[in-house]
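Engineer: So the sequence shown is numbered by our numbering: it starts at 165 and just counts up by one.
Backbone N, C-alpha and C fix where the C-beta goes; we use that ideal spot for every residue, glycine too.
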Amino acid sequence: MFRWLTLVFAIAWPASTNAGSAAGGAGTPRPASAGSDTLREPPILVNQSSVPRTVEVSLIAAPARLALAPGRVTDAFAYNGIVPGPTIEVHEGDKVIIHFTNRLPEPSTIHWHGLHIPADMDGSPLNVVPSGGRKDYVFTIDSGSAGTYWYHPHPDVRTGYQVAKGLYGAFIIRPAHDPLQGIPERLLILSDNRFRPGGSIDIPAVHTTAAIVDEENGREGNVMLVNGQVMPRIAIRSGEAQRWRVINASASRVYRLAIPGQTLLQVGSDGGLFEHPAVVKDVLLSNSERVELVVRGTGAPGSTAMLQTLPYDRYMPQTRPDDWNRPHNLLALAYTTEAPVAPVSLPRTLRVIPALDTARVTARRSIVLSQGLINGHTMDMSRVDVRVKLGTTEIWTIENVVGMDHPFHLHGFHFQLLDRNGVPERDRRWKDTVNIPKHESVRFVVYFDAHPGRWMFHCHILDHEDHGMMGIFEVT
Ligand code: C2O
Ligand code: CU
Ligand code: CU
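1) Whole angstroms are fine: how far does the CA of leucine 230 sit from the CA of valine 458?
2) Counting by C-beta, which residues lie closer than 5 angstroms to a heavy atom of ligand 2, in chain order?
3) Give me the DSSP bridge partner(s) of histidine 541.
4) I need the DSSP call for serine 197, collapsed to helix, strand or coil.
5) Just to confirm before moving on: does the CB-CB distance between proline 475 and proline 491 stay below 8 angstroms?
6) Is alanine 190 buried or exposed, if buried means 16 or more other CB atoms sit within 10 Å of its CB?
7) Identify, in the order they occur along the chain, each residue of the same chain with its Cβ nearer than 6 angstroms to the Cβ of asparagine 599, setting aside the five sequence neighbours on each side.
8) CB of methionine 480 to nearest heavy atom of ligand 1: below 7 angstroms?
9) Looking only at C-alpha atoms, which of Val532, Asn564 and Asp544 sits nearest to aspartate 630?
10) Grab me the residues of glutamate 379's own chain with a C-beta within less than 7 angstroms of its C-beta, minus the 5 sequence neighbours each way, in chain order.
11) For the alpha helix (DSSP H) containing tyrosine 332, list its first residue and its last residue.
12) Looking at C-alpha atoms only, which residue of Val418, Ile411, Ile398 and His371 is the closest neighbour of glycine 385?
13) Which value, in whole angstroms, describes the spacing of the CA atoms of valine 516 and lysine 299?
14) Which residue comes first and which comes last in the alpha helix (DSSP H) that contains alanine 374?
15) Which one of Leu223, Ser309, Ala225 and Val219 has the shortest CA to CA distance from proline 518?
16) So if I measure from each beta-carbon to every heavy atom of ligand 3 and keep distances below 6 angstroms, which residues remain?
17) Hey, would you say the C-beta of methionine 545 is under 7 angstroms away from at least one heavy atom of ligand 1?
18) Would you report the Cα separation of valine 327 and proline 317, rounded to the nearest angstrom?
19) Return the CA-CA distance between asparagine 357 and valine 525, expressed in angstroms with no decimal places.
20) Below 8 angstroms CB to CB, which residues in the same chain sit around arginine 512 once its five sequence neighbours on both sides are set aside?
21) Given 7 angstroms as the limit, tell me if histidine 341 has its C-beta closer than that to any heavy atom belonging to ligand 1.
22) So glycine 330 and alanine 415 are supposed to be a Cβ contact under 8 angstroms. How far apart are they, rounded?
23) So what does isoleucine 531 bridge to, in DSSP terms?
24) Specify whether the stretch 577-585 and the stretch 605-622 touch according to this definition: at least 3 beta carbon pairs, one from each stretch, less than 8 angstroms apart.
25) Look at the Cβ atom of tyrosine 243, then the Cβ atom of histidine 275, and state whether they are nearer than 8 angstroms.
26) Output needed for alanine 176: all residues of its chain with C-beta closer than 7 angstroms, excluding positions within five of it in sequence on either side, in chain order.
27) Given 8 angstroms as the limit, is there contact between the stretch 346-357 and the stretch 383-403, that is, 3 or more CB pairs closer than that?
28) Can you give me the Cβ contacts of arginine 409 inside the same chain, cut-off strictly under 6 angstroms, excluding the 5 residues immediately before and after it?
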């Protein structure tokens, strides 16, 4: 813990992160009484460029000695020496230049999860950076893409390992005009891990029972972390509203987020804000998905509420963990003793999301997920599984034919869900990942408007992906 703190402060923690006055305005300053707030957010990478509308930053992936298990320093991998890695913050329309140096003892890449950018900048397994190598990722941020994204390594077969060692970070895109401007923001990167008694990462040896269970379930850890911390505290004043950007960076743990005793206002998901806020009691967040919530301080001054993950059965019965049916605390919401403030009112319409035109659909695809396979195959780096014509709109049906959930992710292109098990989706949302529950199916529409090249689709349970639950689609 101490080491983590030291490192964070040693690496430019810009004054703007605390004051929330970072470019684009992360919100209003924390109230003075928020002394019981212990949630640390990764520092925002300082822009090295003085060119307008250009963000230029550097990321170095390297081995580091860090306490991934609080209080126990061990061998980890880190971006710029910290876990989670620093947050990259940009605006719509910005040109982004990221100088990546791979000082890991193995090949890696950085994948910009959810970004609509040229295929050779996607950091997919087709474009690995060797140990000791460098790559400049250069791309432009689309207008209308404001939202919460993240970055992680994506080398073939080693993604789960590198993420478990500590490589993941947030990527925030801000719009020119934010309808929720002025609401204080918090970033919550959820992850979990499993440690040996000394604090090293517990990855079981191949062919052991534990390894087989991990391969089936995906590797879950009993230590649940928010921004690398166990049970941090967020201070809130009664009546105050806070905007939480939440990222599921876990290899396989699916969260069903709730604050018992309060409802949540869901305002966005993978591809940014919804058209209209939705009141929910809980929200399911599968691997790699993001959610934006407005948490309203409906509790009494001095009281405490818990952000929990509620039981959710994504498992095969044979390998279901013992504690799957118990809620777990993730973070405490600590009400200050200050007198309540009047609740803020939020806009009813956050933005307009144009509907993709299903009348223009020129191809329909069927993707069948079974245990470890997509359409009966494991990943082959030299095989193209799906050929797509540039400029066309398609409907994909993703069907899960087995008794455990698989979160399906498409690189490079956001889609709009049409229906789940034939039941039409009520709200239009931009998504890049959708959980397909056991024996269910989902249809989405996607427009391949730009960026020809080879792209990945895969299950985002990292163990499944690494064991071959991935395919390639080529846009030409
Ligand atoms: Cu989070 Cu292939 O991606
Ligand atoms: Cu991705
Ligand atoms: Cu899977």
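Structural biologist: According to the data block:
1) 32 angstroms
2) His277 and His575
3) Ile538
4) Residue placement at serine 197 is poorly supported in this model, since its pLDDT is 46, which falls under 50; the coordinates still yield a value, given next. Three-state DSSP puts serine 197 in coil, outside helix and strand.
5) Yes.
6) Residue placement at alanine 190 is poorly supported in this model, since its pLDDT is 38, which falls under 50; the coordinates still yield a value, given next. Around the beta carbon of alanine 190, 16 or more other beta carbons lie within 10 angstroms, which makes this residue buried.
7) Ser450, Asp569 and Pro571
8) No, the beta carbon of methionine 480 sits no closer than 7 angstroms to any heavy atom of ligand 1.
9) Asp544
10) Asp627 and His631
11) No alpha helix (DSSP H) holds tyrosine 332; DSSP gives it neither H nor E.
12) Val418
13) 36 angstroms
14) 373-381
15) Ser309
16) Selection around ligand 3 by beta-carbon proximity, strictly under 6 angstroms to any non-hydrogen atom, yields His570, Cys623, Ile625, His628 and Met633 in chain order.
17) no
18) 7 angstroms
19) 42 angstroms
20) His440 and Pro441
21) no
22) With 8 angstroms as the limit, glycine 330 and alanine 415 do not qualify as a contact, their Cβ atoms being about 12 angstroms apart.
23) Ile562
24) yes
25) No, these two residues do not count as a Cβ contact at 8 angstroms.
26) Because alanine 176 sits at a pLDDT of 31, beneath the cut-off of 50, its placement in the model cannot be relied upon, and the point is left open.
27) yes
28) Thr312, Leu351 and Glu456
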